[in-house]
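Same order as they appear, the protein sequences are chains A and B.
Position one of the first sequence corresponds to residue 9 (the numbering used here), numbered consecutively onward.
Position one of the second sequence corresponds to residue 356 (the numbering used here), numbered consecutively onward.
We treat Cβ as the ideally placed atom computed from N, Cα and C, and that holds for glycine.
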Amino acid sequence: MTMGTAQAARPPLARETERALPRLMLLFVLCVAALVLSISVGAAGLPFSAVLATLAGDGDEAARSIVLDLRLPRATLALVAGGGLAISGAVFQAMLRNPLAEPYILGVSNGAAVAAIALVVTGFGSRMPGLVPLGAMFGAIATIALVFRVALRVGRALDARVLLLAGVMVGAFLNAVILLLLTFADVESFRSAIFWMMGSLAGANWTSSGLVTLYVLPTSVGLIALARSFNLIALGDETAAFLGTRVDRLKTMAYVVASLAVAASVAVCGVIGFIGLVVPHALRLLWGSDHRLLLPGSFLGGGAFLLLADTAARTIAAPAELPVGVITALVGVPIFVVLLRRTAA
Amino acid sequence: MLRNRSARAGLVLALGLAAACGPPAPEDTAPPRIAVVDDAGHSVQLSAPARRIVSLIPARTDVILALGASDRIIARTRWDEHPALADLPSIDNALTPSIEWLVSQSPDLIIAWPDGQARTVVTRLRELGVPVYASSVETIADVERAIGHIGTLLGLERQADSLLTRISATLDSVRAVVANAPPVDVAYALGIEPATVAGPGTFIHEMLEAAGGRNVFADARARWPQVSVEALVRRAPQVLIVGGSGEGGIENTRALLQLPGWRDLPAVRSGRVYEVDADAVNRPGPSLIATVRRFAEILQYRAATP
């Protein structure tokens, strides 16, 4: 609705496309810079030369362990998780035509949390370490299925308002289940569960970051390939259908694909708020809402943002770490408010 | 790739050790391997007594201090306030220490909670080959087992044994003193808003029972249940012990005495409300020797004046 009118007031699409490439290059460079920074700094205070030597294949055992087994997988995870959250946020906002939509709005995070916490509280999680993220992934996917089932049963095919309501309702129900589980948890499970809910990249290893990459990269490429159709949807379902888009099929596919990316990231990193909301909006405010720029831009911007936030979370309070969600919100909100004011003026 | 290499290195090392253990070499025998099975079911193996230790659990840090090995601790948490540790770098609440910082300090033993979920620091450290001893912190038996294991891991078995003897002697003597006294209905409150008490299966519960108390929340479903004031009033404890003063304790026990419900408890009416130091009492470690004595004093005290 508002996105549609904003689109009409902008210069013709051809000129937008010409500008898109340098803008994406800029974000790409930012992303690479964030990646380099994130690999070079940390609580251990390795000199940059030692980091380079380690990357080149030299370096002592401790440096290799720190750079290759800790910083690199964690940076990879930050990049793909941040990118995945931001791009799926952009897609949810377009599909639901709701500026408040964010990656967890359909209850994905609550579903993952219920499964993860149930595994921790019952003690199964401590017997098999790999079980918790697997269970969380399963919980997230089951929640998506449940929300869609509820929405399809109640409304006509994929009404955005009904879907939103179904997501919020299922999320609220699962939230109550989480609180119930925590009431009967012992101190240790409680600590585990809280840690899980805070959202953190600290557990990153090559397996987990590889798994998230495996989910997020193909889904992101798929979503970017659909960018033109998202532009049409932004004009309104009827217009899009009139222009030849199979709206329902596209929407179902986009929801499922975006939710899978979110499910993978929530299963490994827990809930990292704010990125999926603020990065797409910031890019829209800056550069308009052409999804051909917005979607790849969101991926790169979200990746860079989470990389930088996690680097800050790892180093500011060293040798302790801050929850990364604290940084994303503390830094993200002021930037966003400045952008909002600048655009309004 | 690197994992493979380290796995191969581990295999070579293991084979090497096995070979070294095979024929008894009189000159350079490998030092006897130290091995214990921790509370998460993992086998913790050291080739020599641990010398660079990070304990994420304050109650276990207390054990190391009680064994006289404060010089082997290389980092502290926010709650480790012993002067010997004051100058060490702090990993704050120990919930999210920096793994790379820990690795860079080359510790040879990390003591942590046995929560095995995949993202935790503990699992990641174990993957990186840092020996992690996971310790439960719920019961007196947990404390005693941990003291034995930590003694073994640090090569301080003699000190550990004498600490264990002191604990069991204290428990025995307290039990002997209260043996013939009628049990006293008691509740231990960790917090008042909401009312949180010690339930069954906790070291506090066990100490209350050992000291001649009858925990009125012995049938609770959780270890540290939040209870309604109504439940508290109905169970009418004759004695109320409040974990107060320090961090995590109850700020103002006096205010509690004025609260509706609380002020009508038999314990409050007869003036048998006692504040104990939460920092010491809520830590399941060597401090339980002093705590169980204090509990016995409180529970066996017969008010001479009305």
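If we call anything under 8 Å between Cβ atoms a contact, is residue i one with residue j?
i	j	result
residue 492 of chain B	residue 458 of chain B	no
residue 509 of chain B	residue 633 of chain B	no
residue 501 of chain B	residue 415 of chain B	yes
residue 81 of chain A	residue 217 of chain A	yes
residue 333 of chain A	residue 207 of chain A	yes
residue 519 of chain B	residue 647 of chain B	no
residue 292 of chain A	residue 302 of chain A	yes
residue 455 of chain B	residue 79 of chain A	yes
residue 89 of chain A	residue 277 of chain A	yes
residue 545 of chain B	residue 637 of chain B	yes
residue 461 of chain B	residue 70 of chain A	yes
residue 162 of chain A	residue 170 of chain A	yes
residue 347 of chain A	residue 294 of chain A	yes
residue 97 of chain A	residue 240 of chain A	no
residue 74 of chain A	residue 91 of chain A	no
residue 153 of chain A	residue 124 of chain A	no
residue 180 of chain A	residue 159 of chain A	no
residue 489 of chain B	residue 405 of chain B	no
residue 227 of chain A	residue 275 of chain A	no
residue 567 of chain B	residue 597 of chain B	no
residue 542 of chain B	residue 614 of chain B	no
residue 62 of chain A	residue 85 of chain A	no
residue 391 of chain B	residue 487 of chain B	no
residue 210 of chain A	residue 329 of chain A	yes
residue 495 of chain B	residue 422 of chain B	no
residue 300 of chain A	residue 109 of chain A	no
residue 199 of chain A	residue 468 of chain B	yes
residue 651 of chain B	residue 529 of chain B	yes
Using CA atoms only, rank isn't needed, just tell me which of the options is closest to residue i.
i	options	result
residue 427 of chain B	B:454, B:465, B:469 and B:398	B:465
residue 289 of chain A	A:201, A:190 and A:345	A:345
residue 99 of chain A	A:298, A:201 and A:340	A:298
residue 318 of chain A	A:46, A:282, A:145 and A:214	A:46
residue 202 of chain A	A:122, A:224, A:114 and A:101	A:122
residue 312 of chain A	A:93, A:124 and A:154	A:93
residue 149 of chain A	A:188, A:252 and A:120	A:120
residue 593 of chain B	B:409, B:617 and B:578	B:617
residue 151 of chain A	A:114, A:65 and A:28	A:114
residue 440 of chain B	B:388, B:627, B:410 and B:626	B:410
residue 550 of chain B	B:538, B:540, B:537 and B:587	B:587
residue 231 of chain A	A:315, A:296 and A:305	A:305
residue 434 of chain B	B:422, B:447, B:442 and B:538	B:447
residue 118 of chain A	A:340, A:182, A:132 and A:26	A:182
residue 511 of chain B	B:610, B:645, B:569 and B:420	B:420
residue 131 of chain A	A:107, A:193 and A:105	A:193
residue 585 of chain B	B:555, B:619 and B:578	B:619
residue 101 of chain A	A:44, A:335, A:259 and A:224	A:259
Which partner residues of residue i appear in the DSSP bridge assignment?
i	result
residue 546 of chain B	B:551
residue 398 of chain B	B:392
residue 430 of chain B	B:409
residue 630 of chain B	B:597
residue 328 of chain A	B:452
residue 540 of chain B	B:569
residue 581 of chain B	B:551
Which chain E residues sit within Cβ distance under 8 Å of residue i?
i	result
residue 66 of chain A	Of the chains in the structure shown, none is chain E; the protein chains are A and B.
In chain order, what residues of the region 398 to 428 of chain B put their CB closer than 9 Å to some CB of chain A?
none
Chain B contacts made by the region 41 to 53 of chain A, where a contact means CB separation under 9 Å:
Listed by position, the residues of the region 41 to 53 of chain A near chain B (Cβ gap below 9 Å) are 50, 51, 52 and 53.
Report the residue ranges of all alpha helix (DSSP H) runs contained in full by the region 59 to 120 of chain A; include only those spanning at least 4 residues, in chain order.
69 to 72 and 80 to 104
Residues of the region 565 to 581 of chain B in Cβ contact with chain A at a cutoff of 9 Å, in chain order, please.
576, 577, 578, 579, 580 and 581
Beta strand (DSSP E) runs contained entirely in the region 441 to 495 of chain B, provided each spans 3 or more residues
Listed in chain order, the complete beta strand (DSSP E) runs (minimum 3 residues) inside the region 441 to 495 of chain B are 464 to 467 and 487 to 489.
Positions along the region 304 to 338 of chain A whose CB lies within less than 8 Å of some CB in chain B:
322, 325, 326, 327, 328, 329, 330 and 331
Selection of the region 89 to 100 of chain A by Cβ proximity to chain B, strictly under 8 Å
none
4-residue-minimum alpha helix (DSSP H) runs that sit fully inside the region 183 to 207 of chain A, ordered along the chain:
Within the region 183 to 207 of chain A, the complete alpha helix (DSSP H) runs of at least 4 residues are 195 to 206.
Where the region 432 to 447 of chain B meets chain A: residues whose CB sits under 8 Å from a CB there:
444, 445, 446 and 447
Scan the region 503 to 534 of chain B and note each continuous alpha helix (DSSP H) run of 4 residues or more that stays entirely inside, going in chain order.
Runs found: 512 to 533.
Let me know the alpha helix (DSSP H) ranges lying completely inside the region 273 to 301 of chain A, each 4 residues or longer, listed in chain order.
283 to 295
Mind checking the region 68 to 79 of chain A against chain B and listing, in chain order, the residues whose C-beta falls within less than 8 Å of any C-beta there?
70, 72, 73, 74, 76, 77, 78 and 79
At 4 residues or longer, and completely inside the region 201 to 263 of chain A: list those alpha helix (DSSP H) runs for me, N to C.
214 to 233, 235 to 242 and 245 to 250
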